[in-house]
Amino acid sequence: MTRPDSGGWLAPAFAIVAAVTALRLGLLVFNRTDLFVDESQYWLWGQSFAYGYYSKPPLIAWVIGAVTALSGSDSPFWVRAPGAVFHGAAAMILAATAARLGGARAAIWVAASYVTLPMATMGSLLASTDTIMAPFFAAALYCHTRLVETRALRFALLAGVMAGLAVLAKYAGVYFLLGAGLGALFIPALRLGARNWTALLAAFGLVILPNVLWNLNNGMATASHTLDNVRWVRDAKPLNPAGMAEFFLSQFAVFGPVLFAALIRAALHPRAAGTGRLLVFALPAVVIVCLQALLDRAYANWAASAYLAGTILAVMVLLDRPRLLKLSLAVNGAIAVILPVLTLFPALTLGRDEPLLARYLGQAALSRQIIGFAQAEGGLPIVADRRDVLADLFYTGQGAGLQIYAPRPAGRPESHYQQAYPLPDRLSGPVLLVTEVPPVCAGVPVPAAPPFDLAGGSYADLPLAGYVIDAECLHAP
58 MTRPDSGGWL APAFAIVAAV TALRLGLLVF NRTDLFVDES QYWLWGQSFA YGYYSKPPLI
118 AWVIGAVTAL SGSDSPFWVR APGAVFHGAA AMILAATAAR LGGARAAIWV AASYVTLPMA
178 TMGSLLASTD TIMAPFFAAA LYCHTRLVET RALRFALLAG VMAGLAVLAK YAGVYFLLGA
238 GLGALFIPAL RLGARNWTAL LAAFGLVILP NVLWNLNNGM ATASHTLDNV RWVRDAKPLN
298 PAGMAEFFLS QFAVFGPVLF AALIRAALHP RAAGTGRLLV FALPAVVIVC LQALLDRAYA
358 NWAASAYLAG TILAVMVLLD RPRLLKLSLA VNGAIAVILP VLTLFPALTL GRDEPLLARY
418 LGQAALSRQI IGFAQAEGGL PIVADRRDVL ADLFYTGQGA GLQIYAPRPA GRPESHYQQA
478 YPLPDRLSGP VLLVTEVPPV CAGVPVPAAP PFDLAGGSYA DLPLAGYVID AECLHAP
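Quick look at the structure:
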């Protein structure tokens, strides 16, 4: 079987991806939203190198730490800038795979389609583990494609290394191994042979070994948090068909309506699509997360790894329907422009009671009020019981010279801050407690400090307040 002509795609694909990436970085300079709770946490992790962190594997922290160190700036732009670049890289790698499977035309459409996916747009606005995983997962797919073509040992090793790096970005990278295994099971052409499987798995294992050892030495912290997300493993619950339907429908927004419809068509008619070798990498994540949503709950981005191979698959299904490809690009392209433009005007309400982007506003303003009050009271230590408040306090409060703590956990830590910054049991004297629940000390309610201005942001509807309280009261069981 001869391979389609794959020449002539590189220059036009690169021009499209480079233009979109440059536009995203240019608009990101003027982004006026605050760092979201996860972004601030990733930044904090990036201040110290480790092989693992409380809730995620380490690669996103390494990337943010390296970028902010090299740039000499911890501004939100530099925390978020890797996103556009990583998605651009993923688009080019997927295009290279598409060129080998479907020719130059497929490669150009894949590059344009992926770089404008709604999930790529969001991942270029907010620091995300999905984004850091994307180019490595895409590279593992490319190496797998070359391995199937050549049976060369070097591609088995490279596929294992890239899959390992994908897992170091997000544990969902393991879907690559699942896809490769399903392909070997059901598609004879994808059977790699014992030598190549051994090399691939050995390379994969060596790459992820430091994180495995870190987890073993830290009470399986990241693995335990992953089980917390998959709560049905620990606590059985009634089935949630509405949640599964909501997750499934949300994928039309994550991947784009036309492309997701094409993916469904490919799943229903795999032989007609002629792309079963890609379906084994795209379908499992969607099916597994649908089951997770049925058993408990699932966030819309949990199947993001499906849309790397899924983009190639959907484009190849639609290659003989150019009008649908153009419609897809128009819809996703419009979203790719609208979302970053909205971040330039985050207080925009469009007739609503709160700003459209209220979720990404108010964090820094609250932190500055808390820090200002603590400094005015002689540098009081700060204790906060909300993860989002703590996350921004560490980010906005860098260099303020204040001690910031989470309450001591009663059992297993429930956040990175309880794990790494618990209130010292020997701390005494007054502290500033930021909480929603008015505290009581020695049976007497503690009066609140001057109220915070919480209007117009993510905390607007919360009864958050500050209380000057003796640390001894917080040590009491």
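Heads up: the sequence shown begins at 58 in the working numbering, then just goes up one per residue.
Each residue gets a CB set at the ideal place from its N, CA and C atoms; glycine is no exception.
Checking 9 angstroms against the spacing of the C-beta atoms, do residue i and residue j come in under that value?
i      : j      : result
Leu316 : Gly367 : yes
Pro470 : Pro479 : yes
Arg444 : Val94  : yes
Tyr524 : Leu489 : yes
Phe509 : Ile427 : yes
Leu414 : Val446 : no
Leu82  : Thr400 : no
Pro115 : Tyr228 : no
Leu35  : Leu511 : The first residue shown for the chain is 58 and the last is 534, placing residue 35 beyond what the model contains.
Phe304 : Pro175 : no
Ala195 : Ala161 : no
Leu198 : Thr154 : yes
Ala177 : Ala156 : no
Leu158 : Thr202 : yes
Leu215 : Ala237 : no
Leu239 : Arg208 : no
Asn253 : Leu210 : yes
Met373 : Leu335 : yes
Val497 : Val491 : no
Ile117 : Thr186 : yes
Glu434 : Pro495 : no
Ala506 : Tyr474 : no
Ile369 : Ala163 : yes
Pro379 : Thr90  : no
Cys200 : Ala213 : yes
Pick out whichever of the options has its Cα sitting closest to the Cα of residue i.
i      : options                           : result
Gly513 : Pro504, Ala216 and Glu411         : Glu411
Gly419 : Leu84, Ala70, Trp66 and Leu92     : Leu92
Ala299 : Thr207, Ser185 and Ala350         : Ala350
Ala302 : Arg380, Leu242, Trp100 and Tyr356 : Tyr356
Leu273 : Tyr452, Gly109, Ala448 and Tyr171 : Gly109
Gly454 : Lys294, Ala431, Gly468 and Gly486 : Ala431
Ala467 : Ala421, Asp442, Glu493 and Leu249 : Asp442
Glu96  : Pro139, Met373, Leu80 and Leu270  : Pro139
Phe193 : Tyr232, Ala506, Glu493 and Pro133 : Tyr232
Val501 : Ile526, Ser112, Leu519 and Asp518 : Ile526
Val171 : Thr78, Phe402 and Ala213          : Inspection of the sequence shows that residue 171 is occupied by Tyr rather than by Val. Ranking Thr78, Phe402 and Ala213 by Cα distance to Tyr171 puts Thr78 first.
Leu376 : Ala323, Ser362 and Phe143         : Ala323
Phe87  : Ser112, Gln460, Leu381 and Leu182 : Leu182
Ala141 : Leu101, Ala76, Gly122 and Ala152  : Ala76
Nearest-angstrom Cα distance between residue i and residue j?
i      : j      : result
Ala319 : Phe261 : 32 angstroms
Thr536 : Met149 : Residue 536 is absent from the structure shown; the chain starts at 58 and stops at 534.
Ala259 : Pro438 : 48 angstroms
Ile265 : Ile165 : 33 angstroms
Ala463 : Pro69  : 51 angstroms
Glu226 : Leu296 : For the sequence presented, residue 226 should be read as Ala rather than Glu. Those two C-alpha atoms are separated by around 31 angstroms.
Met58  : Leu204 : Any reading at Met58 needs caution, since the residue's pLDDT is 44, under 50, leaving its predicted position unreliable; the model's value is listed next. Straight-line Cα distance between these residues: approximately 16 angstroms.
Phe71  : Leu365 : 18 angstroms
Asn358 : Ala371 : 18 angstroms
Ser105 : Gly180 : 24 angstroms
Ala107 : Gln476 : 14 angstroms
Ala421 : Tyr452 : 9 angstroms
Ser515 : Arg416 : 5 angstroms
Arg54  : Ser472 : Residue coverage of the chain in this structure runs from 58 to 534, which leaves residue 54 outside it and unanswerable.
Leu340 : Ala168 : 21 angstroms
Val388 : Leu450 : 38 angstroms
Tyr99  : Leu405 : 28 angstroms
Cys347 : Leu127 : 41 angstroms
Ala457 : Ala517 : 25 angstroms
Pro327 : Phe338 : 13 angstroms
Trp271 : Ile345 : 27 angstroms
Ser130 : Arg137 : 12 angstroms
Pro397 : Ala363 : 24 angstroms
Ile461 : Val440 : 6 angstroms
Thr173 : Gly436 : 47 angstroms
Ile244 : Leu325 : 17 angstroms
Gly536 : His144 : Nothing in the structure corresponds to residue 536, since the chain is present only between 58 and 534.
Taking the DSSP output, what are the residues bridged to residue i?
i      : result
Ile526 : Val488
Ala441 : Val491
Ile461 : Ile439
Ala168 : BP columns for Ala168 are empty, so no partner.
Pro479 : Ala463
Pro298 : Looking at the DSSP assignment, Pro298 forms no beta bridge with any residue, so it has no partner.
Pro52  : Residue 52 lies beyond the range of the chain shown here (58 to 534); nothing can be said about it.
Got a sec: is the Cβ-Cβ distance from residue i to anything in chain D below 9 angstroms?
i      : result
Pro379 : Among the chains of the structure shown, chain D does not appear; only one protein chain is present.
Run through the stretch 89 to 149 for me and flag every whole alpha helix (DSSP H) of 4 or more residues, listed as ranges in chain order. 94 to 102, 116 to 128 and 133 to 137
Ranges of the beta strand (DSSP E) found wholly within the stretch 222 to 247, counting only runs of at least 3: none
Could I get the ranges of all uninterrupted alpha helix (DSSP H) runs contained in the stretch 300 to 331, with 4 residues as the minimum, in chain order? 314 to 325 and 327 to 330
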